[in-house]
Structure formats: C-alpha cells, structure tokens
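J.:
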Amino acid sequence: MIDKTYASATEAVADIPEGASLAVGGFGLSGNPTALIQALLAQGTGDLSIVSNNCGVDDWGLGVLLNAKRIRKMTSSYVGENKEFERQFLSGELELELTPQGTLAEKLRAGGSGIAAFFTQTGVGTQVAEGGLPRRYDGQGGVAVASPVKDVRAFVVGGIAGDYVLEEAIVTDFSLVHALKGDRHGNLIFNKAARNFNPLAAMAGRVCIAEVEELVEPGELDPDQIHLPGIYVHRIIEVGHDIEKRIERRTVSVADALSRDIPEGA
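For the sequence shown, position 131 (counting from the first letter as 1) is numbered 131 according to the UniProt record's numbering, and the numbering increases by one without interruption.
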C-alpha cells in the first residue's frame, strides 16, 4: 500500500525551494488550497512563478503570498479582484503572462497528459498570437518585457479552413490543490464549483500536494465518483470540514441572508 499522507501542511510543502514554479487550483476563492498557501507563506519561500486562474484577493488565497512579495511571476487568465496585483504589475515588480482562460486550462491538462503543445483558434488576430502583450512594465509606463510572436498555421477542421495559434503545455515543479475527499492513495473527489482548475493544476505538477477536508481509507471512495486518480497526487493532508472559506463579494445583505437562513459569508 502506498500511503501518501503527511502530518501537516508545513511538512508537505517543506521542500518547495526558492524560485520554484507552482500550479495552484481554484477559481476566484472557490477551491483555494488555503492551508498549503498559508504554510508556504509561513515557510518564507519566495521568487515563485505561479500558474493559477487568478491571484486570490488582497488578503486571502494567493493574495497573501503576493502581499508578502513572494511571487515573481503569475500566469493567469483573470486579475481583476486584487488591487495589490495591479499595483505590483504596473510598477514593474511583478511579471504577468495573461492567458485566455480555456487556453490556460488546456495548457495545464496538456502538461499533465504528456502533450507538448496544441493549436487553438483562441487568440488568433490578437496580441496573444502576434506578440507585444505587456508581461512586465518598467515602472515608468513603458513595457520592459513583452510577449513573443507565436506560430500560427492554417488548418482545415470539419471542412472549414482557419488559422490556429500554437500554445505550449505547462508543467510546474509542484502543484497545490484542494479537494473535498481523498484517500491515502491520493484519489480525490472535488465539491461542486471547487472542481474548477484543481484537477488540471494537479495534473501539471511534477509533485502534486493535495489538501482534503476528509481523508478516508483506500476502498472507501466509490471508484465511479473519483474525479482525479491518485497517480497524479504525491502528498495528501487532511484539513477538516471547518477550514475557513471566503467569498469574493457578498451578493445578498446580512439581513436578507438571515431571513432566508443563509449562513453569513456562505
């Protein structure tokens, strides 16, 4: 039996070195591996290159690493909820590889599947393909680093000719993910919207570290319900069901939530 459990988040992330690349699950604040992120923050590791849909918010999720100046580069598809992200990017402190959301998902999946690259129509005719998209500013309004020109080729797909841009797969040193349940072999089940970028991020990491709300014994999970097989997961910790979860924006008032028996912040 291969027992992949670790005693704590601190122990699980202990060997993530300075300058490592990480794929991190989550969409907005849904499905963020917050215990692992907090352990990495406490450890002091910096100069990180992180691939994640977004960078949390100013005081939660990946935003805590950003605030501590631990992140050198983000590869993301959305960056609109974090004021510190905007400040660091425009001041030249942070590099950003802005990537269309579906393309980012496929780059992670391809990396985990052993596919070196793929062609997609997304981005054709834009700076995504033609280059010149700012990746790092010089702090004075100029562009210090711009995205390169990508290979564009014509294909006939389903009898329709069109241009497609080449996108390379993403493989990272480590990946951090959050799941609802997992067993000691690393098989994972995600809860609803938390099954967003988590399986894809897990696939892309050479070493995948998963935090789960509930850890069970091998054989207790219905094989037909498993979203990610344990072959992609190398370390697993249990964080409990009461781990703090946040939302980016409240969509109902406190009074309205209470009148409908909705827990505050749910």
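Virtual Cβ for every residue (Gly too), placed ideally from N, Cα, C.
So what's Ile231 in DSSP terms, helix, strand or just coil?
T.: Taking the sequence shown and counting its residues from 1, one reaches residue 231 at position 231. Correct three-state label for Ile231: helix.
J.: Which residues does DSSP pair with Met74 in a beta bridge?
T.: Counting from one through the sequence shown, the residue named residue 74 turns up at place 74. The partner list for Met74 (beta bridge, DSSP) reads Ile50, Leu96.
J.: If you compare alpha carbons, which of Ile237, Tyr232, Pro33 is closest to Glu244?
T.: By one-based count along the sequence shown, residue 244 stands at place 244. Nearest of Ile237, Tyr232, Pro33 to Glu244, Cα basis: Pro33.
J.: Is Leu200 close to chain C, meaning its C-beta is less than 8 Å from at least one C-beta of that chain?
T.: Among the protein chains of the structure shown there is no chain C, as only one such chain exists.
J.: In chain order, what residues of the same chain lie with their CB nearer than 6 Å to the CB of Tyr6, ignoring the 5 residues before and after it?
T.: By 1-based counting over the sequence shown, the position of residue 6 is 6. Result list for Tyr6: Ala12, Arg235, Ile237, in chain order.
J.: State the start and end residues of the unbroken alpha helix (DSSP H) segment that holds Glu86.
T.: Here the question's residue 86 lines up with position 86 in the sequence shown. Run containing Glu86: 83-91, per the alpha helix (DSSP H) assignment.
J.: Between Ala255 and Glu248, what straight-line distance do the alpha-carbon atoms span, to the nearest angstrom?
T.: In the sequence shown, counting from the first residue as 1, residue 255 sits at position 255. In the sequence shown, counting from the first residue as 1, residue 248 sits at position 248. Rounded to whole angstroms, Ala255 to Glu248 spans 19 Å at the Cα level.
J.: Beta carbon of Tyr137, beta carbon of Ala146: below 8 Å?
T.: As a working note, residue 137 is residue 137 in the sequence shown. As a working note, residue 146 is residue 146 in the sequence shown. Contact flag unset, no.
J.: Check for me: the beta strand (DSSP E) holding Pro134 runs from which residue to which?
T.: Translated into the one-based positions of the sequence shown, residue 134 becomes position 134. That run of the beta strand (DSSP E) goes 134-137.
J.: Run the CB neighbour count on Ala266, radius 10 Å, all protein chains shown included, and call it buried at 16 or more, exposed below.
T.: Numbered from 1 along the sequence shown, position 266 holds the residue referred to as residue 266. The pLDDT assigned to Ala266 is 43, lower than 50, so where the model puts this residue is not dependable; a value taken from the coordinates is nonetheless given after this. So Ala266 ends up on the exposed side.
J.: Along the alpha helix (DSSP H) that carries Lys107, what are the first and last residues, could you check?
T.: Counted from its first residue, the sequence shown places residue 107 at position 107. Element bounds for Lys107: 101-113.
J.: Within a Cβ cutoff of 7 Å, which residues of the same chain sit near Phe119, ignoring the five residues on either side of it in sequence?
T.: Translated into positions along the sequence shown, residue 119 becomes position 119. Counting only Cβ-Cβ distances below 7 Å, and skipping sequence neighbours, we find Arg153, Phe155, Tyr164, Val165, Leu166.
J.: Give me the Cα-Cα distance between Leu29 and Ala202, rounded to the nearest whole angstrom.
T.: Residue numbering aside, residue 29 sits at position 29 when the sequence shown is read from its first letter. Residue numbering aside, residue 202 sits at position 202 when the sequence shown is read from its first letter. So the two alpha carbons sit approximately 17 Å from each other.
J.: Can Lys73 and Ala169 be called in contact, C-beta distance under 8 Å?
T.: The residue labelled residue 73 in the question sits at position 73 within the sequence shown. The residue labelled residue 169 in the question sits at position 169 within the sequence shown. For Lys73 and Ala169, no; Cβs fall outside 8 Å.
J.: Please tell me whether His241 and Glu214 are closer than 8 Å, where the distance is taken between their beta carbons.
T.: Taking the first residue of the sequence shown as position 1, residue 241 is located at position 241. Taking the first residue of the sequence shown as position 1, residue 214 is located at position 214. Yes, the pair counts as a contact, with Cβ atoms nearer than the cut-off.
J.: With DSSP collapsed to three states, give me the class of Val149.
T.: As a working mapping, residue 149 is identified with position 149 in the sequence shown. Note: Val149 maps to coil in three-state DSSP.
J.: By the 10 Å Cβ neighbour count, where 16 or more other Cβ atoms means buried, how is Leu225 classified, buried or exposed?
T.: As a working mapping, residue 225 is identified with position 225 in the sequence shown. One detail in the question is off: residue 225 reads as Gln in this sequence, not Leu. Exposed: under 16 other Cβ atoms inside 10 Å.
J.: For a test of the three-state rule: what should DSSP assign to Ala9, helix, strand or coil?
T.: The residue labelled residue 9 in the question sits at position 9 within the sequence shown. Ala9: helix per DSSP, three-state reduction.
J.: Just to confirm before moving on: does the CB-CB distance between Leu48 and Ala68 stay below 8 Å?
T.: Looking up residue 48 in the sequence shown gives position 48. Looking up residue 68 in the sequence shown gives position 68. Not in contact: Leu48 and Ala68 (Cβ atoms no closer than 8 Å).
J.: Taking Cβ positions, are Leu176 and Gly182 nearer each other than 8 Å?
T.: Taking the first residue of the sequence shown as 1, we reach residue 176 at position 176. Taking the first residue of the sequence shown as 1, we reach residue 182 at position 182. Taking 8 Å as the Cβ cut-off, Leu176 and Gly182 do not qualify as a contacting pair.
J.: Are Leu104 and Leu65 closer than 8 Å when you measure CB to CB?
T.: As a first step, residue 104 must be located in the sequence shown, where it is residue number 104. As a first step, residue 65 must be located in the sequence shown, where it is residue number 65. Result no, Cβ atoms of Leu104 and Leu65 do not sit closer than 8 Å.
J.: Label Ile115 either buried or exposed according to how many other C-beta atoms from any shown protein chain fall within 10 Å of its C-beta, with 16 as the threshold for buried.
T.: Counting from 1 along the sequence shown, the entry for residue 115 is found at position 115. With fewer than 16 Cβ atoms within 10 Å of its Cβ, Ile115 is classed as exposed.
J.: For Leu90, collect the residues of the same chain with a Cβ closer than 7 Å to its Cβ; drop the 5 residues on either side in sequence, then sort them by chain order.
T.: Residue mapping note: residue 90 aligns to position 90 of the sequence shown, counting from 1. Contacts found: Tyr137.
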